[in-house]
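With the numbering used here applied, the sequence shown covers 184 to 629.
Worksheet for the structure shown next.
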Amino acid sequence: MSIYNKLDLTGWKPRQLTSQEVRFATWIAFFAWVFAVYDFILFGTLLPEIGRHFGWSEVEQAEIATWVAVGTAVVALAIGPIVDKLGRRKGIIFTVAGSALCSALTAIGGAWGKSPLILIRSLGGLGYAEETVNATYLTELYGASQDPRLTKRRGFIYSLVQGGWPVGALIAAGLTALLLPIIGWQGCFIFAAIPAVMIAILARKLKESPQFQIHQRITELRKNGAVKEAQNVAVTYGVDYDEHSKAGLKAAFRGPARRATLVIGAALLLNWAAIQVFSVLGTSVIVSVHHISFENSLIILVLSNLVGYCGYLSHGWMGDKIGRRNVIGLGWMLGGLSFAGMLFGPSNMAMVVGLYSLGLFFLIGPYSAALFFISESFPTSIRATGGAIIHAMGPIGAVVAGFGATQVLSAGSDWQTAALWFGAVPCFLSGALMFAARHVRPETVQ
Numbered sequence: 184m185s186i187y188n189k190l191d192l193t194g195w196k197p198r199q200l201t202s203q204e205v206r207f208a209t210w211i212a213f214f215a216w217v218f219a220v221y222d223f224i225l226f227g228t229l230l231p232e233i234g235r236h237f238g239w240s241e242v243e244q245a246e247i248a249t250w251v252a253v254g255t256a257v258v259a260l261a262i263g264p265i266v267d268k269l270g271r272r273k274g275i276i277f278t279v280a281g282s283a284l285c286s287a288l289t290a291i292g293g294a295w296g297k298s299p300l301i302l303i304r305s306l307g308g309l310g311y312a313e314e315t316v317n318a319t320y321l322t323e324l325y326g327a328s329q330d331p332r333l334t335k336r337r338g339f340i341y342s343l344v345q346g347g348w349p350v351g352a353l354i355a356a357g358l359t360a361l362l363l364p365i366i367g368w369q370g371c372f373i374f375a376a377i378p379a380v381m382i383a384i385l386a387r388k389l390k391e392s393p394q395f396q397i398h399q400r401i402t403e404l405r406k407n408g409a410v411k412e413a414q415n416v417a418v419t420y421g422v423d424y425d426e427h428s429k430a431g432l433k434a435a436f437r438g439p440a441r442r443a444t445l446v447i448g449a450a451l452l453l454n455w456a457a458i459q460v461f462s463v464l465g466t467s468v469i470v471s472v473h474h475i476s477f478e479n480s481l482i483i484l485v486l487s488n489l490v491g492y493c494g495y496l497s498h499g500w501m502g503d504k505i506g507r508r509n510v511i512g513l514g515w516m517l518g519g520l521s522f523a524g525m526l527f528g529p530s531n532m533a534m535v536v537g538l539y540s541l542g543l544f545f546l547i548g549p550y551s552a553a554l555f556f557i558s559e560s561f562p563t564s565i566r567a568t569g570g571a572i573i574h575a576m577g578p579i580g581a582v583v584a585g586f587g588a589t590q591v592l593s594a595g596s597d598w599q600t601a602a603l604w605f606g607a608v609p610c611f612l613s614g615a616l617m618f619a620a621r622h623v624r625p626e627t628v629q
């Protein structure tokens, strides 16, 4: 029975969203993610140019990148409780607007010094958090939808939204190559702020999800002392009233939520180690292990993002068929095996590129199902908070992998060994660990 057809004793029920409003929300979420990624990638792409402009050494640039990563994780973690308190609609507006502000201020922040620039770029955590907010919002909208076609294909449709990552990365690469000689690096950041501002303005037309309307109703009644009415709303819509009253960071480590937080969080930490090694440092690994020099780095960028996008769609579709937990676990395990094969296989161009692409397909693709699965694993009251905690594990995994690989190389070993133990093995283990997470039936998510 749809939540729209239920009526509590107070005569209240959440506002129903039309199919057109759900489609509009899907498009806004997609473009919000595209331009958040655009800004996110842009800084890494232009950091050498910024360093040359201000006379910063490579060491200073590396330090800036490290502290920005720390600030990004902190900001992204803080967004969860805010979105659970203010709402999904306001969360999208806030993160997109914050990303736009970050882009604009970056154009002048470097002139103020390295510390102000780090603080400004830490706001990029709002853009990084965008995918968590999107997943939270769309999980609830699709779950409440009365369109049976959407209900059956919700994972695949979300994979189209999550595909905004490779789209944003390609836009960042293409526009940077086009605009940098004309308007300089400052102009590139100002230009990046324009579409984000437009999306933030359009996002004001979004409607709040029914599930959060119920959460908000219970909260308001409790604050006004109408405990019985609040309990009645909770019972009517299948909300655990006691758990609802304990919302917050601590609630993510209590009851059934604890399992999701610990298991999926650990899996994501391990998986981001593989992302750091094979996605961020992929070309370095391939060149070092197989002594194959790619003549054009842009071709690799296009290839990896194209493969990643196909992986998003495939895993999103399969998640609707065999369950999101299962497709994530199997995908990451196959990714680990593919990367191991690439590391120890023959140094043949076709074989290396083929196995590397296959590894990226299974490494990146499951994230279209993972972000949705994370949101489905938590109740409405802490859905964004739980997602933010798990999401923050990613940068930590990247730092661990970077530190570990550096130690292996410093000890006199090579990239083959470093990439195996801090890339392929963690990728496989992250998939195996996912099977310890609770299987979630989408139709039970409220």
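Glycine included, each C-beta is placed from N, C-alpha and C at the ideal position.
Owing to the predicted nature of the structure, the values given are computational and were not obtained by experimental measurement.
**Asked** For Ile384, does the count of other Cβ atoms within 10 angstroms reach 16, so buried, or fall short, so exposed?
**Response** exposed
**Item:** Alpha-carbon to alpha-carbon, Gly514 and Asn454
**Value:** 11 angstroms
**Asked** What are the boundary residues of the alpha helix (DSSP H) that Ala449 is part of?
**Response** 438–458
**Alpha-carbon spacing of Thr614 relative to Leu445, whole angstroms** = The sequence shown places Gly at residue 614, not Thr. Between Gly614 and Leu445, the C-alpha separation is close to 14 angstroms.
**Request:** Tell me whether the beta-carbon of Gly254 lies closer than 8 angstroms to the beta-carbon of Gly310.
**Result:** no
**Request:** Whole angstroms is fine: what's the gap from Arg621's alpha carbon to Tyr221's?
**Result:** 34 angstroms
**Prompt:** Excluding five sequence neighbours on each side, which residues of the same chain lie with their C-beta closer than 6 angstroms to the C-beta of Ile224?
**Reply:** Ala352, Ala355
**Trp210 (DSSP reduced to helix, strand or coil)** = helix
**Message:** Under DSSP, the alpha helix (DSSP H) around Gln199 begins and ends at which residues?
**Reply:** No alpha helix (DSSP H) contains Gln199, which DSSP labels as neither H nor E.
**Message:** With H, G and I counted as helix, E and B as strand and the rest as coil, what does DSSP make of Leu389?
**Reply:** coil
**Message:** Quick test of your reading: Thr322 and Phe555, contact by CB under 8 angstroms. State the CB separation rounded to the nearest angstrom.
**Reply:** 6 angstroms
**Message:** For Val316 and Gly595, what's the separation of their Cα atoms in angstroms?
**Reply:** 43 angstroms
**Request:** Less than 8 angstroms between the CB atoms is what I'm expecting for Phe561 and Gly494, so what's the real figure, rounded?
**Result:** Actually they are not in contact, since the Cβ atoms of Phe561 and Gly494 sit about 25 angstroms apart, beyond 8 angstroms.
**Spatial distance of Ile365 from Lys297 (CA atoms)** = 25 angstroms
**Request:** With distances taken Cα to Cα, identify the nearest neighbour of Leu630 among Ala607, Ser497, Glu314.
**Result:** This structure cannot settle anything about residue 630, because the visible part of the chain is limited to 184 through 629.
**Message:** Only counting the same chain, and skipping five residues up and downstream in sequence, which positions put a Cβ closer than 7 angstroms to that of Val510?
**Reply:** His498, Met501, Gly502, Pro549, Ala552
**Complete alpha helix (DSSP H) runs within the region 525–575 (minimum length 4 residues, chain order)** = 532–547, 550–559, 566–574
**Message:** So, with DSSP's three-state summary, where would you put Arg621?
**Reply:** coil
**Given Thr563 as reference, the closest of Gly234, Val422, Ala602, Phe618 once Cα atoms are compared** = Val422
**Asked** Would Phe237 be called buried (16 or more neighbouring beta carbons within 10 Å of its own) or exposed?
**Response** exposed
**Prompt:** The alpha helix (DSSP H) spanning Ala413 covers which residue range?
**Reply:** 410–419
**Message:** Less than 7 angstroms between C-beta atoms, sequence neighbours within five positions excluded: which residues of the same chain meet that for Met184?
**Reply:** Note that Met184 scores a pLDDT of 48, beneath 50, so its modelled location is shaky and nothing firm can be said.
**Asked** Count the other CB atoms within 10 Å of the CB of Asp267; is the residue buried (16 or more) or exposed (fewer)?
**Response** buried
**Item:** Contact between the region 278–285 and the region 372–379 (3+ Cβ pairs under 8 angstroms)
**Value:** yes
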